[in-house]
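Visitor: Each protein sequence line maps, in turn, to chains A and B.
Position in the first sequence (first residue = 1) + 233 = my numbering.
Position in the second sequence (first residue = 1) + 3 = my numbering.
Built from N, CA and C at the ideal position, the CB exists for glycine as well.
Please read all numbers here as calculations on a predicted model, not as lab measurements.
One structure follows; several queries about it will come next.
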Amino acid sequence: MRLLVLGFALTLLAACAGSRGGTHELHLQKTEDGARREARASSDGTGAGSAPSGTEAEALHRMENAISAAERLLRSEDLLDEERETLIQSLGGARAALDQYRSTRLREAERAATLGVIGVAAAAIVADDATVVGVADDPLLIPLALAALVTGIRSNSPSARDELARAWLDLGQQLEVLRKTVAMTSRGNVIHNHLVDEARNRAIRRAAATGVALTESHVTQELLCDELEHMMREFRRSKNIEEWKKAISTQKGLKCRPSRHSRE
Amino acid sequence: MDSQEIDALLALCRTDSAEGQCRAIVDLEDMRAREAVPVLLGLVSSPDAGVRANVASALGKLGSCESVSPALLSLLEDPEALVRVNATQSLGDLRCTECAPRLRQVLTSDPDALVRLQAAETLGTLKDRAALPSMMSALRDPDEGVRAQAAEAMGQLGERVVMPELSALLATERSSLVRASLLGALYQLGDEAALALLLDEVEGMDDQTAATVLNLAMEVIRPPHAALLRSRLEVLVRSRQTLTAEAESLLRRLGP
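Here's what the structure looks like:
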């Protein structure tokens, strides 16, 4: 489970990420002013004509990692041909947008106003732990990371419409396309076996309480659906969102019908 | 109905405790306390996703389309997928046909597969024939659950024009659940041979999927073809011990 990094921890994370990029103390500031100063530092001398460094480089590195993580999904044998084709296209779009931004950034290093806003966005991205995707991370985290990256970009959009701003916004758009593709690829209608097992055990116990001995193979689909309905009400009452959603998913997978299994 | 108990639950809804609110909402729903609707509408903007999800569900049981559909439509924009699933289902429970255009959008564009699946189910419930193009596109959704539900909804909509498309999809579909739904839909649309094919599929399936498919067949069966289902179930009772209880239960429901 990822840790939520707040307050000072956010600042420290940004600082650590910045130091991985090999830059100076400006990265210790997570405030907008700090980010703007850093962006200006890159654009007015220290970084002019050079590749992005510091927080911005780290933000781009995280985008690169998220795209690579999505790329690893292509190895899945569960992917349908159409899904694979769509994912390849989305990955191509995201990679091209990232390359385009990098090359535009090299040429447009004097765009101080735009870089200031991008610096703020980069700081927000680096400060957000959800934008980190590791090689061994759960595939379900990839769309979340992409969503956090897109939010970072969109919540600080450059008002100027120069080439650099366009490349940055297009990068956000392509990452959003990739996020949607990855999210659409994930399986949603899953029968969660731990819930089915629990439902089966409950049905057996319920029958036993009335003096009826059931074995596992005696538990019919109808009994399972009844128990799942009970369990779902418990999840609702206890505000257990994750299990509640899994219970709905399992009911759909088993094609439980409210009309047939309702307790009304 | 105990009005004192309902008053106490409504008071619990007005507290700041999300846990208490969730328990109260479920109880109010169980008690069919329609007077709770105004209080529930006040909880639509709760900061707690569990409360919003419970409200989205309860409004579908206690409200009317006229009184709660604006709130349910707003909940379709909720960041929590479970809230959107419940709001989508509630719009179907309340037969809010005028909300179908928005549900068509949900079917084709929601990032969460379970929400899209629910949208397909709801549009089928609403018998929204205008959803046919969205449903056709959902037949190619990356998620097998969405594809299966879209196929089932096609059967409910009763538009025979989609039959060639459903048959063509059978040739490439790998998911046994989706194949079963496509065959069930074809049967519902008038292709009698699809029922035998559907029952043939059970042979190669694991017990859980087989039970699901047999229940699906039970749901769509028409009286003239009940004998075919009965004979297949009788064979299963004898030949597949792990499905005996399921097959016997279905035979009882099928009747003599």
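1. What does His451(A) reach in chain B if we use C-beta pairs closer than 7 Å?
2. Against chain A, with Cβ distances strictly below 8 Å, would Cys25(B) count as a contact?
3. Rounded to the nearest angstrom, what separates Gln262(A) and Thr288(A) at their Cα positions?
4. For my contact list, Leu78(B) and Val86(B) are in at a C-beta cut-off of 8 Å; report their separation, rounded to the angstrom.
5. Using 8 Å for Cβ pairs, my map puts Asn89(B) next to Ala116(B). What's the rounded Cβ distance?
6. From which residue to which residue does the alpha helix (DSSP H) around Met464(A) run?
7. Where does the unbroken alpha helix (DSSP H) through Pro136(B) begin, and where does it stop?
8. Going by alpha carbons, who is nearest to Asp362(A) out of Ala381(A), Leu348(A), Ala327(A) and Ile351(A)?
9. Please classify Asp30(B) as buried or exposed, where buried requires at least 16 other C-beta atoms within 10 Å of its C-beta.
10. Shortest alpha-carbon distance to Gln108(B) belongs to which of Glu83(B), Leu76(B) and Gly258(B)?
11. Which chain B residues sit within Cβ distance under 7 Å of Ser482(A)?
12. For the 8 Å Cβ check, are there 3 or more pairs between the region 452 to 467 of chain A and the region 477 to 491 of chain A?
13. Between Ser1(B) and the rest of its own chain, which residues show a CB-CB distance below 6 Å, the 5 nearest in sequence each way excluded?
14. Is DSSP giving Glu265(A) helix, strand or coil here?
15. When you compare the CB positions of Leu253(B) and Leu231(B), do they come within less than 8 Å of one another, or not?
16. Relative to the C-alpha of Ala354(A), which residue among Trp401(A), Ala441(A), Ala480(A) and Gln322(A) is closest?
17. In whole angstroms, what separates the C-alpha of Gly23(B) from that of Asp209(B)?
18. Which two residues bound the contiguous alpha helix (DSSP H) that contains Ser252(B)?
19. Is the beta carbon of Leu189(B) less than 8 Å from the beta carbon of Ala199(B)?
20. Once you ignore the five residues that flank Ala214(B) on each side, which residues in its own chain have a CB closer than 8 Å to its CB?
21. Buried or exposed: which applies to Leu339(A), given that a residue is buried once 16 or more other Cβ atoms fall within 10 Å of its Cβ?
22. My guess is that Met464(A) and Leu428(A) are in contact by the Cβ rule of under 8 Å, so how many angstroms apart are they, rounded?
23. Beta carbon of Leu106(B), beta carbon of Ser72(B): below 8 Å?
24. How about the region 471 to 487 of chain A and the region 5 to 20 of chain B: do they share at least three Cβ pairs that are nearer than 8 Å?
25. Considering only their Cβ atoms, is the gap separating Arg295(A) from Leu386(A) smaller than 8 Å?
26. Measure from the C-beta of Gln406(A) to each C-beta in chain B and report whether the shortest distance is under 8 Å.
Guide: Based on what the coordinates show:
1. Ala248
2. yes
3. Note that Gln262(A) has pLDDT 33, beneath the 50 cutoff, so the model's placement of it is unreliable and no number is given.
4. 5 Å
5. Their Cβ separation, rounded to whole angstroms, is 15 Å, which puts Asn89(B) and Ala116(B) out of contact at 8 Å.
6. Gln454 to Arg470
7. Leu135 to Ala141
8. Ala381(A)
9. buried
10. Leu76(B)
11. Leu117
12. yes
13. In the structure as shown, chain B begins at 4 and stops at 259. Residue 1(B) is therefore absent and cannot be evaluated.
14. Below a pLDDT of 50, predicted positions are generally treated as unreliable, and Glu265(A), at 40, falls in that range; no measurement from the model is reported.
15. no
16. Trp401(A)
17. 42 Å
18. Thr247 to Leu257
19. no
20. Leu246 and Glu249
21. exposed
22. 7 Å
23. no
24. no
25. The amino acid at residue 386(A) is misidentified as Leu; the sequence shows Ile. No. Outside cutoff.
26. no
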